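Novice: These protein sequence lines map, in sequence, to chains A and B.
Note that UniProt numbering has the first sequence beginning at 1, numbered continuously upward.
Note that UniProt numbering has the second sequence beginning at 1, numbered continuously upward.
Each residue gets a CB set at the ideal place from its N, CA and C atoms; glycine is no exception.
For clarity, every value in this text was computed on a predicted model and none was experimentally measured.
Questions regarding the structure given below will be posed in turn.
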Amino acid sequence: MKILVPVKRVIDYNVKVRVKADQTGVDLANVKMALNPFCEIAVEEAVRLKEAGNASEVVVVSIGTTAVQEQLRTALALGADRALHIETDQHLDSLQVAKLLAKVVAQEQPGLVILGKQAIDSDNNQTGQMLAALTGMGQGTFASKVQLADGKVLVTREIDGGLQTVALTLPAVVSTDLRLNEPRYASLPNIMKAKKKPLDVIAADSFGVTLSSNVTVLKVAAPASRQGGIKVESVAELVDKLKHEAKVI
Amino acid sequence: MAILIIAEHNNLSLKSETHKVVQAAAAIGGDITLLVAGFNCKAAADEAATVAGVSKVLLADNAVYQHQLAENIAALVTEVGKDFSHILAPATTSGKNFLPRVAAMLDVAQISDVIAIESADTFVRPIYAGNAIATVQSSDRIKVLTVRPAAFRAASDGNSAPIEAVSAAHDAGVSAFIDEELTKSERPELSAARVVISGGRGMQNGENFALLNGIADKLGAAIGASRAAVDAGFVPNDMQVGQTGKIVAPDLYIAVGISGAIQHLAGMKDSKVIVAINKDAEAPIFQIADYGLVADLFSVLPELEQQL
């Protein structure tokens, strides 16, 4: 069985983002970029399934400018076998990404698609569900455990209030939550080997998917900043302030 | 404008998030229909009919909807919702699960985690873990939105909207429910609580979380946790507050032994009053806390419980 893992290049999660003064977006110039943390977990899970003998090949795919090849190489260094770069310089919404990925699914015929539950830049949490809809596959979102058995995948999902387990007929789409696994680090020899692994570039236009979106960003602003607070000296003072000043208890 | 809201419920009763989505829908303006899809869920539909501002309740009561599997619910919502101008659900794990599937089936975008409605086609939502706020406009024929419950007040009760049965039974046949393991708690739900007290890595172990119990009881508070506390195995992960956990906006948020990483702040920085208790005076949490106490939590917590 082949596993397809879509990955995204995003701003590094430790970077404190700055909104541009003209409110057109956030400043991404000279900012450290990285593999989206949830995508890293997805790659790790796919590689673990392969190591356990449950998969024959792990294919990673990313959509964007040439820069995304850096993240594809990272995924290859983590153990993926082959990479696909779908090249476009357009900004795409989840629906367009899902449509492109549906075409890749049709070409590659994976038994399982594993992706992150959300990208930490747009915070949308949509692509996996949309891809499942477009391909008619079952979906196991927010996965904290994935097991393959008898042509099905058992996915334990993190839901409000606890955990839920569902069984999906393969092929299926799984989206990863933080607790699914702890991703490994890429070793230097593996980083060197990853440079020789196949990476195919395909133009996004060649898929026949309309890449424009009906959603326009009117402005991006900084969140309202909180008023600087005060430090209290004792528990008694804290309780007094909460009772009489803030009036919340 | 015709708005369809997918109610959040557990087949027995409606969850408070639904009331908040109704309030958000009222800001769009138009006729509001609530869809209650589940199994043996008449009681939840009866409750939905009492929510102020709702003009009709649709009840899809069928075994295929019992566990709200995304594949089945999405097919139902796509069929029922195709003539509406807006389809809304709360940005809970349930709404986030099925609604993007609905949007893709309708071939429209979804706007996630809306925190303000500017007009019928213009919405405000946080991006980059709440470090930027985007205003977006949609020209899609159907606007599909998940709404952040913590950003809206709850619609009141006192209505008696008519209930209409929907007979459609969609079973996509690609997924099945196996089991569920819910955390038992007598306390208010984290996302709906008026007061939240959360512990972080500074709590040192799971047993020490008991120190928060007495305070939570006195304040009627829910207990939360930072990701560090969850990852260290102190508490179950449904208690996590943050970008990847629950988003809360209570009147009072007490952060105990939490440093205040960006990802945690994303989940609680819209709280009305924030209190931080931390022994590290340089912890970033103090930059957003209204009241900070630099002290050892193990001496502060018993004292606080006593003084309340």
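Distance check for A/E57 and A/G79, CA to CA, integer angstroms please.
Specialist: Position 79 of the first sequence holds residue 79 of chain A. Position 57 of the first sequence holds residue 57 of chain A. Whole-angstrom Cα-Cα distance: 10 Å.
Novice: If you measure from the beta carbon of B/Q307 to each beta carbon in chain A, is any gap under 8 Å?
Specialist: Indexing the second sequence from 1 puts residue 307 of chain B at position 307. For B/Q307, the answer is yes, since a Cβ of chain A falls inside 8 Å of its Cβ.
Novice: Expressed to the nearest angstrom, what Euclidean distance is found between the alpha-carbon atoms of B/L59 and B/K42?
Specialist: Translated into positions along the second sequence, residue 59 of chain B becomes position 59. Translated into positions along the second sequence, residue 42 of chain B becomes position 42. Straight-line Cα distance between these residues: approximately 8 Å.
Novice: Could you give the residue range of the alpha helix (DSSP H) that holds B/L219?
Specialist: In the second sequence, the residue the question calls residue 219 of chain B occupies position 219. Note, B/L219: alpha helix (DSSP H), A210 to L219.
Novice: Are the CB atoms of B/N11 and B/A48 nearer to each other than 8 Å?
Specialist: What you label residue 11 of chain B is simply residue 11 of the second sequence in a count that begins at 1. What you label residue 48 of chain B is simply residue 48 of the second sequence in a count that begins at 1. It is not a contact, given that the beta carbons lie outside the stated cut-off.
Novice: Using a cut-off of 7 Å between C-beta atoms, extract the partners of B/V136 located in chain A.
Specialist: One-based indexing of the second sequence puts residue 136 of chain B at position 136. Within chain A, the residues near B/V136 are V215, T216, V217 and L218.
Novice: Please confirm whether B/D290 has its beta-carbon closer than 8 Å to some beta-carbon of chain A.
Specialist: Here residue 290 of chain B corresponds to residue number 290 of the second sequence, with the count starting at 1. Closer than 8 Å to some Cβ of chain A, the Cβ of B/D290 qualifies, so yes.
Novice: Assuming B/R187 and B/S226 form a contact by the criterion Cβ under 8 Å, report the distance between their Cβ atoms to the nearest whole angstrom.
Specialist: In the second sequence, counting from the first residue as 1, residue 187 of chain B sits at position 187. In the second sequence, counting from the first residue as 1, residue 226 of chain B sits at position 226. At roughly 18 Å, the Cβ-Cβ gap does not stay under 8 Å, so B/R187 and B/S226 are not in contact.
Novice: Give every residue of the same chain whose Cβ lies closer than 6 Å to the Cβ of A/E44, excluding the five residues on either side of it in the sequence, and list them in chain order.
Specialist: Locating residue 44 of chain A in the first sequence gives position 44, where the first residue counts as 1. Result list for A/E44: N181 and P183, in chain order.
Novice: In the DSSP output, which residue or residues are listed as bridge partners for B/A261?
Specialist: Here residue 261 of chain B corresponds to residue number 261 of the second sequence, with the count starting at 1. Paired residue(s): none; B/A261 is not in a bridge.
Novice: Using a C-beta to C-beta distance shorter than 9 Å, which residues of chain A count as neighbours of B/G130?
Specialist: For this step, residue 130 of chain B is matched to residue 130 along the second sequence. Near B/G130 (Cβ distances below 9 Å), the residues of chain A are D123 and P223.
Novice: If we ignore side chains and look at the alpha-carbon of each, how far apart do B/K269 and A/F207 end up?
Specialist: The residue you call residue 269 of chain B lines up with position 269 of the second sequence. The residue you call residue 207 of chain A lines up with position 207 of the first sequence. Cα to Cα, B/K269 sits roughly 42 Å from A/F207.
Novice: When you compare only the Cα positions, how much space is there between B/G38 and B/S119?
Specialist: As a working note, residue 38 of chain B is residue 38 in the second sequence. As a working note, residue 119 of chain B is residue 119 in the second sequence. Taking the straight line from one Cα to the other gives about 31 Å.
Novice: Nearer than 7 Å: is that true of the beta carbon of B/I215 relative to any heavy atom of the ligand MN?
Specialist: Absence of the ligand MN is noted for the structure shown, with no ligands found whatsoever.
Novice: Is there a Cβ of chain B sitting closer than 8 Å to that of A/E40, yes or no?
Specialist: Indexing the first sequence from 1 puts residue 40 of chain A at position 40. No, its Cβ sits nowhere closer than 8 Å to a Cβ of chain B.
Novice: Where do the ends of the alpha helix (DSSP H) carrying A/P37 lie?
Specialist: In the first sequence, residue 37 of chain A corresponds to position 37, counting from 1. Residues P37 to E51.
Novice: Please report how far the alpha carbon of A/D27 lies from the alpha carbon of B/A221, in whole angstroms.
Specialist: To locate residue 27 of chain A, count along the first sequence from 1; it is residue 27. To locate residue 221 of chain B, count along the second sequence from 1; it is residue 221. The alpha-carbon atoms of A/D27 and B/A221 are separated by roughly 39 Å.
Novice: Output yes if chain A places a C-beta closer than 8 Å to the C-beta of B/A104; else output no.
Specialist: Indexing the second sequence from 1 puts residue 104 of chain B at position 104. Yes - at least one Cβ of chain A is within 8 Å of the one on B/A104.
Novice: Using the Cα positions of B/E305 and B/G245, report the straight-line distance between them to the nearest angstrom.
Specialist: Along the second sequence, one-based indexing puts residue 305 of chain B at 305. Along the second sequence, one-based indexing puts residue 245 of chain B at 245. Near 27 Å, if we compare the C-alpha coordinates of B/G245 and B/E305.
Novice: If the criterion is Cβ atoms closer than 8 Å, does the pair A/Q168 and B/V174 meet it?
Specialist: The residue labelled residue 168 of chain A in the question sits at position 168 within the first sequence. The residue labelled residue 174 of chain B in the question sits at position 174 within the second sequence. Before going further, note that residue 168 of chain A is Leu rather than Gln in the sequence given. Cβ atoms of A/L168 and B/V174: closer than 8 Å.
Novice: Consult DSSP for B/D290 and reduce its assignment to one of helix, strand or coil.
Specialist: Counted from its first residue, the second sequence places residue 290 of chain B at position 290. In this structure, B/D290 counts as coil in the three-state DSSP scheme.
Novice: Out of B/Q66, B/L293, B/S271 and B/A172, which has the shortest C-alpha to C-alpha gap to B/D280?
Specialist: Within the second sequence, residue 280 of chain B is the residue found at index 280, counting from 1. Among B/Q66, B/L293, B/S271 and B/A172, the Cα nearest to that of B/D280 is on B/L293.
Novice: Go through its chain and collect everything with a Cβ distance to B/A155's Cβ below 6 Å, but skip five positions before and after it.
Specialist: Locating residue 155 of chain B in the second sequence gives position 155, where the first residue counts as 1. H19, V22, Q23, V51, A52 and G53, listed in sequence order.
Novice: Is there at least one Cβ from chain A nearer than 8 Å to B/Q66's Cβ?
Specialist: As a first step, residue 66 of chain B is located in the second sequence; it is residue number 66 there, counting from the start. With 8 Å as the cut-off, B/Q66 does not count as an interface residue toward chain A.
Novice: Between B/P302 and A/L112, what straight-line distance do the alpha-carbon atoms span, to the nearest angstrom?
Specialist: For the purposes of this step, residue 302 of chain B is taken as the residue at position 302 of the second sequence. For the purposes of this step, residue 112 of chain A is taken as the residue at position 112 of the first sequence. In a straight line, the C-alpha of B/P302 is about 51 Å away from that of A/L112.
Novice: Tell me whether A/Y185 is buried or exposed, calling it buried when 16 or more other Cβ atoms sit within 10 Å of its Cβ.
Specialist: If you number the first sequence from 1, residue 185 of chain A lands on position 185. The residue is exposed, with fewer than 16 neighbouring Cβ atoms inside 10 Å.
Novice: Under 8 Å between the Cβ atoms of A/A55 and A/L72?
Specialist: Sequence index remark: in the first sequence, residue 55 of chain A carries index 55 (1-based). Sequence index remark: in the first sequence, residue 72 of chain A carries index 72 (1-based). Against a cut-off of 8 Å, the Cβ pair of A/L72 and A/A55 comes out as no contact.
Novice: To the nearest angstrom, how far is the alpha carbon of B/I258 from that of B/S16?
Specialist: Position 258 of the second sequence, counted from the first residue, corresponds to residue 258 of chain B. Position 16 of the second sequence, counted from the first residue, corresponds to residue 16 of chain B. Straight-line Cα distance between these residues: approximately 28 Å.
Novice: Going by the beta-carbon positions, is the gap between A/N214 and B/S85 smaller than 8 Å?
Specialist: Position 214 of the first sequence holds residue 214 of chain A. Position 85 of the second sequence holds residue 85 of chain B. The answer is no: Cβ separation not under 8 Å.
Novice: Grab the span of the alpha helix (DSSP H) containing B/S299 for me, first residue to last.
Specialist: Walking along the second sequence from the start, residue 299 of chain B turns up at place 299. Per DSSP, B/S299 belongs to the alpha helix (DSSP H) from L297 to Q307.
Novice: Starting from the Cα of residue 250 of chain A, find the closest Cα among A/K50, A/A67, A/D123 and A/V146 and give me that residue.
Specialist: As shown, chain A starts at 1 and ends at 249. That puts residue 250 of chain A outside it, with no answer to give.
Novice: For B/I256 and B/T135, I'd like the C-alpha separation in whole angstroms.
Specialist: Counting from 1 along the second sequence, the entry for residue 256 of chain B is found at position 256. Counting from 1 along the second sequence, the entry for residue 135 of chain B is found at position 135. Residue identity differs from the one stated: residue 256 of chain B is Val in this sequence, not Ile. So the two alpha carbons sit approximately 34 Å from each other.
Novice: Spell out whether any CB of chain A is found under 8 Å from the CB atom of B/R187.
Specialist: The sequence position of residue 187 of chain B within the second sequence is 187, counting from 1. Not one chain A Cβ lies under 8 Å of B/R187.
Novice: Taking DSSP as the reference, what is the three-state secondary structure of B/F98?
Specialist: Numbered from its first residue, the second sequence carries residue 98 of chain B at position 98. Helix.
Novice: Looking at the unbroken alpha helix (DSSP H) that takes in B/V174, where does it start and where does it end?
Specialist: Along the second sequence, one-based indexing puts residue 174 of chain B at 174. Per DSSP, B/V174 belongs to no alpha helix (DSSP H) and is neither H nor E.
Novice: Run through DSSP, which three-state label would A/S122 get?
Specialist: Stepping through the first sequence from its first residue, residue 122 of chain A is reached at position 122. If DSSP states are grouped into helix, strand and coil, A/S122 belongs with coil.
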